Structures are given as structure tokens and as C-alpha cells.
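Worksheet: one structure, shown below.
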Amino acid sequence: MRFQVVDTFADERFAGNPAAVVEVPGFPPDAVMQRTAHRIGLPTTAFVVPVAPARYRVRWFTPYKEINLCGHATIASARHLFLAPENTGQTRLTFVSDNGVLHAERDGALIAIDLPAAGLTVGEPPPGLLDALGTDAVVCAVSSDDVLVEVESAAAVAAVRPDFAALARQPFRGHIVTARGASGADFVSRTFFPSLGVDEDQVCVTAHCKLAPYWSPRLGRTRLKALQLSDRGGRLEVEDLGTRVRVLGTAIPREAGEVEAGDGVRKEALR
Numbered sequence: 000m001r002f003q004v005v006d007t008f009a010d011e012r013f014a015g016n017p018a019a020v021v022e023v024p025g026f027p028p029d030a031v032m033q034r035t036a037h038r039i040g041l042p043t044t045a046f047v048v049p050v051a052p053a054r055y056r057v058r059w060f061t062p063y064k065e066i067n068l069c070g071h072a073t074i075a076s077a078r079h080l081f082l083a084p085e086n087t088g089q090t091r092l093t094f095v096s097d098n099g100v101l102h103a104e105r106d107g108a109l110i111a112i113d114l115p116a117a118g119l120t121v122g123e124p125p126p127g128l129l130d131a132l133g134t135d136a137v138v139c140a141v142s143s144d145d146v147l148v149e150v151e152s153a154a155a156v157a158a159v160r161p162d163f164a165a166l167a168r169q170p171f172r173g174h175i176v177t178a179r180g181a182s183g184a185d186f187v188s189r190t191f192f193p194s195l196g197v198d199e200d201q202v203c204v205t206a207h208c209k210l211a212p213y214w215s216p217r218l219g220r221t222r223l224k225a226l227q228l229s230d231r232g233g234r235l236e237v238e239d240l241g242t243r244v245r246v247l248g249t250a251i252p253r254e255a256g257e258v259e260a261g262d263g264v265r266k267e268a269l270r
């Protein structure tokens, strides 16, 4: 089964957040897709099935489970598919999942997708959360599935060293730590998803569907530059559209490979 690795939100290869894209004529059995994602070993593998010109079905798998949405793997899929001969001249692709419809567009050198904005409710940090993160909070806010913790500075974001076992016991899908910006960014963040088998997400699009509406009124602008302070790092732009958030970033094809019938994974660098 052939796959393409794409680094999203990266200025160069081997930066940003990597994803694998597998284009197939029809979805294989779930167990095959899960095993393939595990063998490839990247944060997310997207399986895409063409259903009409510029229109695809999509499913996303981490190495350990299927997830209902992955923004960076959708951007990676769009970059890969925009380069395909059948999409020459296309400026917009449509991705259909069981969670809804996403559109990806070319925006100069960037790929843009828009997703539903997620509301946040400010409140007290849940018991044990700050100890698990190893930090203090300026503000804590929760959404339906994630928790956001604002800390005092970008340096404090970079210094966070979570206890991932304790964090996985918290009643949240994801944990977002954020602060006002540095290094040319309006705000910075890090994101942790140990319950999904991803201790730290290198650059998380869905987290920015909370971060954009959180920071936009505080900074007085709707379009913001964001920096994720993970090991690989990543830069992106977000635009608060009210009920939706537009996320823009780069996507750089890195290498192609093949998952063989056995346990092997063969990769070949792009020239």
C-alpha cells in the first residue's frame, strides 16, 4: 500500500507536523487501515478515496485508533492531491468524512481549510490538571472535549513538562497550553493528547479552532499568526470567522513509501 509523507506547517522538510496520505480506490477493512497507520508510525495517517472530480472520502488513524477529525492530515492530503495530474488547475478540494465536509483551498503558497469554531467556558482548573501539566494557570477554559490553560509567557509554555500518565487520566481528549506570542507570533501553544496515543501533537489544527476564538477578542484582531512550540515546531495563520475558523499553513512533501504485505515499511526519499 503506497503512502506519501507530507510535513505540514513547516518551512523545511523534517519540521512541522508530519502526516501520511494513502490514496486507495476504496477503504480497506478497518483492521488493515489501523495496522497500516501503526506500521507507518506517524502521528496521523489519512486514507482518501476519490468519489468525484476534486471530491474525496477521508478517514484518519493515529497509530492506535481512528479519530473523527485531523486538520493537519487533511492539509497534507490536499497538498498531495493538488499535485496529482487529475487535479491540475483545481483550486479547491472537498473531503467528506462521517464527521462532516471539509474544503481545502490553495491560498498562494499555503493550503487553507476551515473548520467549526469551538466555544470555551472559563472556569477553575479541574483537580489534578495543573499538577499533571507541571505549571500554573492565568486562565483555564474548557470545551466539549479539550481543556485550555493560559500561562504567563511563551517561556512558560516551552517549559511545560507534563506527567503524561496523570494527564491521560484527566477527563479530556486534549490539553492546550498557550500564552501571548513571541518570535513574530501573536500567540504560542503546545498540545498534548496522551489518551489518543500522542503525548505531544507537533502542530494541532483542531486546537486552533479553540485558540483562534480565544485569542481574537483578547488581541483585537481576527487574523492571527500562531507558533507551536513543540520539538519540531510549526507556524500557521488562523482567521476567526465567527462560527468557523480558517487555518492556513505550508505543506511540504517529504518522501514516499510502501507498506508491504508483511510487517515491512519501505520508504524512498523524494528527489
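Under numbering that gives the first Met the number 0, the first residue of the sequence shown carries the number 0, and numbering increases by one thereafter. Even glycine gets a Cβ: it sits at the ideal position worked out from N, Cα and C. Only a predicted model underlies this, so the values are computations on that prediction, with no experimental measurement involved.
Below 7 angstroms CB to CB, which residues in the same chain sit around ARG243 once its five sequence neighbours on both sides are set aside? On the sequence shown, residue 243 is found 244 positions in, with the first residue counted as 1. The residues are ASP113, LEU114, PRO115, ALA116.
Got a sec, what are the start and stop residues for the alpha helix (DSSP H) ASP29 sits in? As a first step, residue 29 is located in the sequence shown; it is residue number 30 there, counting from the start. Looking at the DSSP string, the run of the alpha helix (DSSP H) that includes ASP29 is 29-39.
Span of the beta strand (DSSP E) around LEU226: The residue given as residue 226 occupies position 227 in the sequence shown. Element bounds for LEU226: 222-227.
Below 7 angstroms CB to CB, which residues in the same chain sit around ARG217 once its five sequence neighbours on both sides are set aside? Taking the first residue of the sequence shown as 1, we reach residue 217 at position 218. If we look at ARG217 and ignore the five residues flanking it on each side, it has no Cβ neighbours.
Does the distance from the C-beta atom of ALA42 to that of VAL197 stay below 7 angstroms? Residue 42 sits at position 43 when you count from the first residue of the sequence shown. Residue 197 sits at position 198 when you count from the first residue of the sequence shown. In the sequence as presented, Ala is not what sits at residue 42; that position holds Pro. The answer is yes: Cβ separation under 7 angstroms.
Quick check on the DSSP output: the beta strand (DSSP E) that includes PRO252 runs from which residue to which? Position 253 of the sequence shown, counted from the start, is the residue given in the question as residue 252. Element bounds for PRO252: 250-258.
Rounded Cβ spacing between GLY127 and VAL141 (contact assumed at less than 8 angstroms): Position 128 of the sequence shown, counted from the start, is the residue given in the question as residue 127. Position 142 of the sequence shown, counted from the start, is the residue given in the question as residue 141. The Cβ separation is near 14 angstroms, so there is no contact.
Name, in chain order, the residues that DSSP records as bridge partners for GLY16. Here residue 16 corresponds to residue number 17 of the sequence shown, with the count starting at 1. Note that residue 16 is Asn in the sequence shown, not Gly. BP columns for ASN16 point to THR7.
Check whether the region 24-42 touches the region 156-171, taking contact to mean three or more Cβ pairs, one atom from each stretch, closer than 8 angstroms. no
Report the rounded CA-to-CA distance for ALA19 versus PRO84, giving the unit in angstroms. Taking the sequence shown and counting its residues from 1, one reaches residue 19 at position 20. Taking the sequence shown and counting its residues from 1, one reaches residue 84 at position 85. Rounded to whole angstroms, ALA19 to PRO84 spans 19 angstroms at the Cα level.
Range of the contiguous beta strand (DSSP E) that encloses THR177: Position 178 of the sequence shown, counted from the start, is the residue given in the question as residue 177. Note, THR177: beta strand (DSSP E), 173-179.
May I ask which residues mark the beginning and end of the beta strand (DSSP E) holding CYS139? By one-based count along the sequence shown, residue 139 stands at place 140. It spans 138-141 - the beta strand (DSSP E) in which CYS139 sits, taken as one unbroken run.
Quick one: grab the DSSP three-state call for GLU85. As a first step, residue 85 must be located in the sequence shown, where it is residue number 86. Note: GLU85 maps to helix in three-state DSSP.
Going by C-alpha distance, which of PHE94, ASP145, VAL48 is nearest PRO170? As a working note, residue 170 is residue 171 in the sequence shown. The shortest Cα separation from PRO170 among PHE94, ASP145, VAL48 belongs to ASP145.
For ARG12, which of ILE251, GLY256, VAL237 has the nearest alpha-carbon? Here residue 12 refers to the residue found at position 13 when the sequence shown is read from its first residue. Residue ILE251 is the option with its Cα nearest to ARG12.
Quick one: using the 10 Å Cβ neighbour count with 16 as the cut-off for buried, is ASN72 buried or exposed? The count along the sequence shown starts at 1 and reaches residue 72 at position 73. With the sequence shown as reference, residue 72 is identified as Ala, and Asn is not the correct amino acid for it. That one is buried.
Beta-carbon proximity of ILE110 to ILE74, cut-off 7 angstroms: Within the sequence shown, residue 110 is the residue found at index 111, counting from 1. Within the sequence shown, residue 74 is the residue found at index 75, counting from 1. Against a cut-off of 7 angstroms, the Cβ pair of ILE74 and ILE110 comes out as a contact.
Go ahead and pull the three-state DSSP assignment for LEU218. Numbered from its first residue, the sequence shown carries residue 218 at position 219. In the structure shown, LEU218 sits in a helix (DSSP, three-state: H, G or I).
Residues in its own chain within less than 6 angstroms of GLU22 by CB, not counting five upstream and five downstream? The count along the sequence shown starts at 1 and reaches residue 22 at position 23. The residues are VAL47.
How many Å lie between GLU238 and GLY248 at the Cα? Reading the sequence shown from its first residue, position 239 is the one you call residue 238. Reading the sequence shown from its first residue, position 249 is the one you call residue 248. For GLU238 and GLY248, the distance between alpha carbons rounds to 12 angstroms.
Are LEU240 and ALA225 close, meaning C-beta to C-beta below 7 angstroms? By 1-based counting over the sequence shown, the position of residue 240 is 241. By 1-based counting over the sequence shown, the position of residue 225 is 226. No, Cβ-Cβ distance for LEU240 and ALA225 is not below 7 angstroms.
Excluding the 5 residues preceding and the 5 following GLY40 in the sequence, name in chain order all residues of the same chain whose CB lies nearer than 7 angstroms to its CB. By one-based count along the sequence shown, residue 40 stands at place 41. Once the five neighbours on either side are set aside, the close Cβ partners of GLY40 are PRO62.
What's the C-alpha gap between ARG270 and LEU92? Numbered from its first residue, the sequence shown carries residue 270 at position 271. Numbered from its first residue, the sequence shown carries residue 92 at position 93. Reliability fails at ARG270, whose pLDDT of 34 lies under 50, so the model's placement of it is uncertain and no value is given.
State buried or exposed for SER152, treating a residue as buried only when at least 16 other CB atoms are found within 10 Å of its CB. Along the sequence shown, one-based indexing puts residue 152 at 153. Flag for SER152 reads exposed.
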